[in-house]
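Colleague: Following the numbering used here, the numbering of the sequence shown begins with 163 at its first residue and continues without gaps.
The beta carbon of each residue, even a glycine, is placed where N, CA and C say it ideally should be.
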Amino acid sequence: MSSTSEEQRALQLAQKAADSVKAGDLAEAARYLREASTIAPENPQIKDAWTSLRQEEDKSELLTLCKIWVKSRDEDDGDRALRVVQKQAINPKEAEQAMEILFSFKGEDDVLDQVTGELLHSAGAQRWLATAVREQPTRIYYEMFERGDDSIEGLLKVLLNRSVWPDDEAFKNGHRDMFMLSLAMMMEEALEHPERAMKGIAQLLAHYAEHLKGIIDADSFDVILSTLDIRLPASLRSQATLASIKLFELAPDTAGELISKFVTNRVKKGDANDLVIAFSAATAIFPVAVTAAAALFLTEGFVSTLVPMVQKKKSHKLEQVTLELISAACVDKNCRDAINKHCREWLEELVAESQDKKRANLAALVLVKLGEEVAPSDGPQIIVPGRVDQSDLIASFKSMVIGGDTSSKQDSVEGLAYASLQPKVREDLSKSPKFLKRLLGTMSEPSAPSNILFGGLTIFVNITEYLPIQSEEEKRMSQLKAYANVQKPAAPDELLNDANVSVRCKRMLEAGIVPLLVHVCKRGSPTILNQSSQILLSLSKEPKLRGPMAQQGAIKLLILIWDHISATNTASTSGTTPYPPTALTTTAQALSRILISINPSHVFNAALPSTSAIRPLASQLTRTDSSTWQLHAFEALLALTNLASLDLGTQDHILRSAFEIVIDDLLLSNHTMIRRAATELLCNLMASPTCIAYFADPAAPRAKQRLHLLLAMTDVDDTPTRSAAGGALAMLLSVSEAVTALLNQEKGIEFLLELCRDEDEDVKYRGVVCVRSVAEVPEGIEKLKDKGAVDTMKLVLKESRRQEVLGTGVETLKILLGQ
163 MSSTSEEQRA
173 LQLAQKAADS
183 VKAGDLAEAA
193 RYLREASTIA
203 PENPQIKDAW
213 TSLRQEEDKS
223 ELLTLCKIWV
233 KSRDEDDGDR
243 ALRVVQKQAI
253 NPKEAEQAME
263 ILFSFKGEDD
273 VLDQVTGELL
283 HSAGAQRWLA
293 TAVREQPTRI
303 YYEMFERGDD
313 SIEGLLKVLL
323 NRSVWPDDEA
333 FKNGHRDMFM
343 LSLAMMMEEA
353 LEHPERAMKG
363 IAQLLAHYAE
373 HLKGIIDADS
383 FDVILSTLDI
393 RLPASLRSQA
403 TLASIKLFEL
413 APDTAGELIS
423 KFVTNRVKKG
433 DANDLVIAFS
443 AATAIFPVAV
453 TAAAALFLTE
463 GFVSTLVPMV
473 QKKKSHKLEQ
483 VTLELISAAC
493 VDKNCRDAIN
503 KHCREWLEEL
513 VAESQDKKRA
523 NLAALVLVKL
533 GEEVAPSDGP
543 QIIVPGRVDQ
553 SDLIASFKSM
563 VIGGDTSSKQ
573 DSVEGLAYAS
583 LQPKVREDLS
593 KSPKFLKRLL
603 GTMSEPSAPS
613 NILFGGLTIF
623 VNITEYLPIQ
633 SEEEKRMSQL
643 KAYANVQKPA
653 APDELLNDAN
663 VSVRCKRMLE
673 AGIVPLLVHV
683 CKRGSPTILN
693 QSSQILLSLS
703 KEPKLRGPMA
713 QQGAIKLLIL
723 IWDHISATNT
733 ASTSGTTPYP
743 PTALTTTAQA
753 LSRILISINP
763 SHVFNAALPS
773 TSAIRPLASQ
783 LTRTDSSTWQ
793 LHAFEALLAL
803 TNLASLDLGT
813 QDHILRSAFE
823 IVIDDLLLSN
833 HTMIRRAATE
843 LLCNLMASPT
853 CIAYFADPAA
863 PRAKQRLHLL
873 LAMTDVDDTP
883 TRSAAGGALA
893 MLLSVSEAVT
903 ALLNQEKGIE
913 FLLELCRDED
923 EDVKYRGVVC
933 VRSVAEVPEG
943 IEKLKDKGAV
953 DTMKLVLKES
963 RRQEVLGTGV
973 ETLKILLGQ
């Protein structure tokens, strides 16, 4: 029998269980009652509490089905539980309790895997799993691994969600435990589903590598590099590639030494299997660490003996991975020279004789990367007769894109991506509607491989690319560099001039490039987003193409891309991002250009408000060291001016985002076009009472200085600037407070009368309207007369032939004369 104190303890636990039941936490209630039952198993109150708990559990269809399923292990019961999870919104407590029940179910089961993955969308289930990982990391990892892909995906979701962990230390320890268990799993022989373990390694390295210090050693690096073997599934290799990239980012020197040892040791062994593993790793590393990989590739005696060694082994897989290795090595000029010297003959034999299309395509791809010319280190470039014709290879690649299978298309697209660096190839590809249609169609497929997307977008970037704008200083520096190299500055290929590029851009737009970009950008890859921005910027240079681009969704796409890149850059705690420094500017400039040339009322609506475009445009106004900054700012000002014609809400949003930089910096620019565009923007913004208050409200800081600056813009040499300043003043002076502010300016009246004397009729008209507004105020009449306004108005009426000027001038003169 239990003692009185034990009985009291058991009753206290039963009361806690009752409270937990009321709170909906049935799993916690069950824990309290299990402990109470070990103390006083016969206590009637505890038995009643168990009864109440079971009744509550029976109310939950999911929990009931989970209990039945765990006992029966029947597939139909599991399917019923899965349907409930998929159809109903499971509350956090219920999801937590379901996880508790299901973890008595052991082994691999597809439905169990799906149910676990679905439950782990809930914060309650994630908290339960985080607690379980802290208490029993090894058991939880192995059970989740055995369940399947969805379970591992759910585990990773928990590991990356800081909010379900009690503190930073537990969060970090969870990462370390799971990373070590994943490495240990990868080291097991004949492991089934190694991609599950590698995914954990890759994701933890990608997101929280700083938590894994001290764990990664040569053995763990070997595990990852061995998984790059081309004979392994692509799903596994892609995760290993991600992990390798992160390791090189974290410690490039150490990683370089480890990859060198890894490859060298296996090459020394000399058997085909070790060579395939070594070459696979080197191929994957080349794009990540070119310098380290090139140094390894150019190790004395390696390239010169490579072809004989491969031919001697008579292994198709070794031959394939060797081709992939030298293809990757072509990114480095010294490696290309070595390949040209020692491997070209073999490559041409493969193209001409190989019955294996995959190998023939790879060899052709390398030859395209090498080009037609051989560049001896001690002489000028020469063309070697009898070699494979580049134009034949390119034609072959085109035909494969048009009619080949997915595998051949991948190599062909990559080959054309390299070949399209040549102006004549860009022109040829753009003139082939059949090729463009098939490539665009292939890239639009949901299952389109990432390398086809990257290669295709690279082709489109090259086809649409304009020569960069150079300042005079940059042109002089280019000439000096050419002279220093004893070279005459070469004129650019005629196919690269703006007129030819513009035609190619038109062809791409007609082929449907913009809808494709809208489609592929849904993948959200940094490479895809950056390349899409480059293409859209090139297309937007030609004003005639901007309207069709807007109709096809380019404006919304550019806003989404800009917002995504901006958010990614802001969220980065390390200061590094996957986007180049120019990505935001490229995107915003393309948006600016399109918005200059279209009617914004035809594009923006409730689903896409005009205010969503203002932040990207305003970002272009900040002065930078770039030689093209003035162009970017000018285009953004024109786009904002166009937007300001929409409505009051848009105007006020522009004022909040850009007014200070416009009035304090750009209006004072020594660049005529920027000063003009800034004044025109102010003119459109003056329709807003907020803008008028910035110049006319005595309580507004610096209102007097701003008004003086606007008046000064009426006296510049540039006629359009004077006209815009006059228009802004005409709108401003329609408000009596602004007239008062003007009369307090020392030479305010003089500026207005100078507008009236302007030779340009538009400027003259704006001046007369301003004087008319001032004449509405008694004090204004006197000041106008004192400054000679009557004579000025008579002169206006004598010289002008424009009806609006004459009509307003007559009215103003009558007021001044008291008629």
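Do you know how far the Cα of Asp-311 is from the Cα of Leu-274?
Modeller: Roughly 11 Å between the two C-alpha positions.
Colleague: Using a threshold of 7 Å, state whether the C-beta atoms of Thr-881 and Glu-842 are closer than that.
Modeller: No; because the gap between Cβ atoms is not below 7 Å, this pair is not in contact.
Colleague: Within 10 angstroms of the Cβ of Thr-732, are there 16 or more other Cβ atoms? Answer buried if so, exposed if not.
Modeller: That one is exposed.
Colleague: Do you know whose CA, among Met-347, Ser-561, Leu-805, Ile-756, lies nearest Asn-767's CA?
Modeller: Ranking Met-347, Ser-561, Leu-805, Ile-756 by Cα distance to Asn-767 puts Leu-805 first.
Colleague: Taking DSSP as the reference, what is the three-state secondary structure of Phe-1030?
Modeller: No information on residue 1030 is available, as it lies outside the stretch 163 to 981 that the chain covers here.
Colleague: Using the C-alpha atoms, what's the distance from Leu-979 back to Ala-855?
Modeller: Whole-angstrom Cα-Cα distance: 32 Å.
Colleague: Determine the extent of the alpha helix (DSSP H) in which Val-273 is found, giving its start and end residues.
Modeller: It spans 272 to 281 - the alpha helix (DSSP H) in which Val-273 sits, taken as one unbroken run.
Colleague: What first and last residue would you give for the alpha helix (DSSP H) that runs through Arg-324?
Modeller: That residue, Arg-324, is in no alpha helix (DSSP H); it is neither H nor E in DSSP.
Colleague: Thinking C-beta only, is Gln-207 closer than 7 Å to Ala-176?
Modeller: Yes, they are a contact pair.
Colleague: For Pro-705, report the span of its alpha helix (DSSP H) as first-last.
Modeller: Start and end: 705 to 713.
Colleague: Let me know the secondary structure DSSP gives Glu-351 once reduced to three states.
Modeller: Three-state DSSP puts Glu-351 in coil, outside helix and strand.
Colleague: DSSP state of Met-848, grouped into three classes?
Modeller: The answer is coil: DSSP assigns Met-848 none of H, G, I, E or B.
Colleague: My guess is that Lys-578 and Ile-614 are in contact by the Cβ rule of under 8 Å, so how many angstroms apart are they, rounded?
Modeller: Correcting the residue type first, residue 578 is Leu in the shown sequence and not Lys. With a Cβ gap of about 11 Å, Leu-578 and Ile-614 do not count as contacting.
Colleague: Over the uninterrupted alpha helix (DSSP H) stretch that includes Val-247, give me the two end residues.
Modeller: 237 to 249 is the span of the alpha helix (DSSP H), which, as asked, contains Val-247.
Colleague: With Asn-613 as the anchor, note down where its alpha helix (DSSP H) starts and where it stops.
Modeller: 612 to 626 is the extent of the alpha helix (DSSP H) around Asn-613.
Colleague: So the candidates are Gly-811, Asn-761, Pro-771; which of them puts its Cα closest to the Cα of Leu-800?
Modeller: Cα-wise, what sits closest to Leu-800 is Asn-761.
Colleague: Determine the burial state of Val-972: buried for a count of at least 16 other Cβ atoms within 10 Å of its Cβ, exposed for fewer.
Modeller: It is exposed - the Cβ of Val-972 has fewer than 16 other Cβ atoms within 10 Å.
Colleague: Can you tell me the Cβ-Cβ gap for Trp-290 and Glu-262, rounded? I've got them flagged as a contact below 8 Å.
Modeller: Confirmed, Cβ separation roughly 7 Å.
Colleague: Have a look at Val-676, Lys-474, Phe-559, Trp-327 and flag the residue whose alpha-carbon is nearest the alpha-carbon of Leu-602.
Modeller: Measuring from the Cα of Leu-602, the nearest candidate turns out to be Val-676.
Colleague: How about Glu-204: is its Cβ closer than 6 Å to a heavy atom in the ligand MN?
Modeller: Judged by which ligands are present, the structure shown has none, so any question about the ligand MN falls away.
Colleague: Skipping 5 residues on each side, what residues in its chain have a beta carbon closer than 6 Å to that of Cys-845?
Modeller: Contacts found: Ala-886, Gly-889, Ala-890.
Colleague: Where Ile-392 and Val-483 are concerned, what is the direct C-alpha to C-alpha distance, given to the nearest angstrom?
Modeller: Straight-line Cα distance between these residues: approximately 7 Å.
Colleague: Label Lys-229 either buried or exposed according to how many other C-beta atoms from any shown protein chain fall within 10 Å of its C-beta, with 16 as the threshold for buried.
Modeller: With 16 or more Cβ atoms within 10 Å of its Cβ, Lys-229 is classed as buried.
Colleague: Please check the pair Ala-285 and Val-326, which I expect to be a contact at CB under 8 Å, by giving their CB distance rounded to whole angstroms.
Modeller: The pair is a contact, with the Cβ atoms about 6 Å apart (cut-off 8 Å).
Colleague: Using 10 angstroms around the beta-carbon of Glu-944, count the other beta-carbons present and answer buried if the total reaches 16, otherwise exposed.
Modeller: Exposed, because fewer than 16 other Cβ atoms sit within 10 Å of the Cβ of Glu-944.
Colleague: Out of Ser-831, Val-897, Ser-558, which one is the CA nearest neighbour of Val-878?
Modeller: Considering only alpha carbons, the answer is Ser-831.
Colleague: Would Leu-409 and Ala-402 qualify as a contact pair, given that the criterion is a beta-carbon distance under 7 Å?
Modeller: Contact flag unset, no.
Colleague: Compute the Euclidean distance between the alpha carbons of Asp-787 and Asp-827, then round it to the nearest angstrom.
Modeller: Going by the C-alpha atoms only, they are around 15 Å apart.
Colleague: In whole angstroms, give me the CA-to-CA distance for Leu-353 and Ser-344.
Modeller: Cα to Cα, Leu-353 sits roughly 12 Å from Ser-344.
Colleague: Tell me the rounded alpha-carbon separation between Glu-966 and Ala-653.
Modeller: Straight-line Cα distance between these residues: approximately 53 Å.
Colleague: Suppose the cutoff is 7 Å on Cβ atoms and the five residues either side in sequence are ignored; what does the same chain contact list for Glu-357 look like?
Modeller: Pro-395, Ser-397, Leu-398, Gln-401, listed in sequence order.
Colleague: Could you check which residue in Asp-210, Glu-237, Lys-209, Val-247 has the C-alpha nearest to that of Glu-223?
Modeller: Cα-wise, what sits closest to Glu-223 is Val-247.
Colleague: Who are the Cβ neighbours of Lys-178 in its own chain at under 6 Å, not counting the five residues just before and after it?
Modeller: Around Lys-178: Tyr-194.
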